[in-house]
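Take the sequence shown: its letter number 171 is residue 171 in my numbering, and every next letter is one higher. Note that beta-carbon positions come from the ideal geometry of N, C-alpha and C, so glycine has one too. Read through the structure below, which is laid out as structure tokens, and then see the notes.
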Amino acid sequence: MDNEFYEKVKKIKDTVDIVEVIGSYVDLVKKGKSYACVCPFHDDHDPSLTIDTKNKIFQCWSCKKKGDVIEFVSSFEKIPWIEACKKLAIKAGVDLGLKKNPNIKTESIEYDKTFENSIRPKDFDNYIGQSELKETLSISIESAKQREQCIDHMLFYGPPGLGKTTLAGVIANEMGVNIKITSAPALERPRDIIGILMSLKAGEILFIDEIHRLNKVAEEILYPAMEDFYIDMMTGKSQATKNLRIPVPKFTLIGATTRAGLLTDPLRDRFGLVFGLSLYNTSELERIIDR
């Protein structure tokens, strides 16, 4: 995704009528030069959401929700930003020219469809080893469910073969969400990591293996996505350069590494939960073989 793409996004926002779009979802009331409605993003009774027709943005003065027409469609329909962008592009008659990048390899774990997945444990009861870690994770998952929020970003480190990928799949299954799996070497260009982030749905888990091999640019893109669930992009050239903030759904990043010492401090500090996996003992290895 380059400047050409974001110029097309700008054209979409300039072309579509924000009043018409929002009016297709909620009832609007004209107030002077602006419009107002009952905010659909919180329990609202008096019209607290207003539309600034000049700047083409909406804002709720109660819940503080604000953004452009793409953000409204994304939030109202609960779809990823890129999907809302595609939807409005059709309305505006703009060809985004999006194509799937064959170099990005992500996959969703679909249990019981292959032999390997059929023998992978699906829950903590069947996951062998890491007893203390499983207890801690169970508490964290139950807490997240009660709060109806994503579980915090987490980092697993330890020698290869300890089941870090499998454990991430178990966490996704326990949370009742999908998981997308990729590896840091596959994220060579900025558009690789941006494409994955914008394809995520609310609550989903992104698992990045060998995260210590993430390049600096991809790492910088991850920072605001992990903290504020936004992607910061620069568009235009010289004096026309502008910062474009693209929202991404709230998600959980699980990183795995065999060399924790190679992670940069800023990236490591953004993981709320950091766990070291211990080696299997003889009894646990016997149970794994039996399974």
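Thinking I70 and A92 are a contact (beta carbons under 8 Å), I'd like their distance in whole angstroms, please.
Numbered from 1 along the sequence shown, position 70 holds the residue referred to as residue 70. Numbered from 1 along the sequence shown, position 92 holds the residue referred to as residue 92. So it is not a contact: roughly 11 Å between Cβ atoms.
What whole-angstrom Cβ distance do S48 and S62 have, given they're in contact under 8 Å?
Against the sequence shown, residue 48 aligns to sequence position 48. Against the sequence shown, residue 62 aligns to sequence position 62. Between S62 and S48 the Cβ distance is about 4 Å, and since that is below 8 Å, they are a contact.
So A337 is in the alpha helix (DSSP H); what residue range does that whole segment cover?
The structure shown does not extend to residue 337, since the chain is modelled only from 1 to 291, so the question has no answer here.
Just curious, the beta strand (DSSP E) that V274 is in, first and last residue?
Indexing the sequence shown from 1 puts residue 274 at position 274. Its beta strand (DSSP E) spans residues L273 to G276.
Roughly how far, in whole angstroms, is the beta-carbon of F156 from the beta-carbon of L277, given that I think they are within contact range, below 8 Å?
As a position in the sequence shown, residue 156 is number 156, starting the count at 1. As a position in the sequence shown, residue 277 is number 277, starting the count at 1. Contact flag correct, Cβ pair sits at about 6 Å.
Report the three-state DSSP secondary structure of G255 (helix, strand or coil).
Position 255 of the sequence shown, counting from 1, holds the residue named residue 255. G255: strand per DSSP, three-state reduction.
Which residues in the same chain have their Cβ closer than 6 Å to the Cβ of L96, if we skip the five residues on either side of it in sequence?
As a first step, residue 96 is located in the sequence shown; it is residue number 96 there, counting from the start. Closer than 6 Å at the Cβ level, and outside the excluded window around L96, lie K8 and A89.
Contact check, F251 vs C150 under 8 Å by CB: the rounded distance?
Numbered from its first residue, the sequence shown carries residue 251 at position 251. Numbered from its first residue, the sequence shown carries residue 150 at position 150. The pair is a contact, with the Cβ atoms about 6 Å apart (cut-off 8 Å).
How would you write the range of the alpha helix (DSSP H) that Q146 sits in, first residue to last?
If you number the sequence shown from 1, residue 146 lands on position 146. Per DSSP, Q146 belongs to the alpha helix (DSSP H) from S131 to R147.
Look at the alpha carbon of I246 and the alpha carbon of I128, and state the distance between them as a whole number of angstroms.
The residue labelled residue 246 in the question sits at position 246 within the sequence shown. The residue labelled residue 128 in the question sits at position 128 within the sequence shown. Cα to Cα, I246 sits roughly 40 Å from I128.
Assuming L200 contacts V248 (C-beta within less than 8 Å), just tell me the rounded distance between them.
Here residue 200 is taken as the residue at index 200 of the sequence shown, counted from 1. Here residue 248 is taken as the residue at index 248 of the sequence shown, counted from 1. Sure, about 6 Å apart at Cβ, within 8 Å.
Identify every residue that forms a DSSP beta bridge with V29.
As a first step, residue 29 is located in the sequence shown; it is residue number 29 there, counting from the start. Beta-bridge pairing links V29 to A36.
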